[in-house]
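FYI, the numbering for the sequence shown is 1 to 77, going by the UniProt record's numbering. All C-beta atoms, glycine included, are put in the ideal place defined by N, C-alpha and C. All values derive from a computational prediction rather than experimental measurement. Okay, so here's the structure we're looking at.
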Amino acid sequence: MTKKAGIHEKLAPSGFIPIYVGEESRRYVVPVACLSCTMFQALLNQFREEIQASTAGPIKLPCSPQMLEWVLKSCQG
């Protein structure tokens, strides 16, 4: 794999952001529209200090994948 190919594998499609969750850093590709959801904002606020501590790179949340999935379902309908 070339370096360029590796970079493209990590990019999220237009309109989405990558978020890494839990100890295993499971990758989720989340619609940008979820950023305006109250539940998603509450989740980000809960882990604000951890997110701010890792200013370089993607968003990493120390919650469980199940918690993020529940929030995403709440935001999408």
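- In this structure, DSSP gives P13 a state outside helix and strand, which the three-state scheme calls coil.
- As DSSP reads the structure, R27 sits in a beta bridge with Y20.
- The count of Cβ pairs closer than 8 Å, one atom from the segment 61-75 and one from the segment 19-28, reaches three, so the stretches are in contact.
- Straight across, the Cα-Cα distance linking A56 with I17 is about 15 Å.
- In terms of Cβ geometry, C37 and S74 form a close pair [threshold 9 Å].
- For the 9 Å CB-CB criterion, P62 and I19 do not form a contact.
- Taking all protein chains in view, the Cβ of L43 is crowded by 16 or more other Cβ atoms within 10 Å, so the residue is classified as buried.
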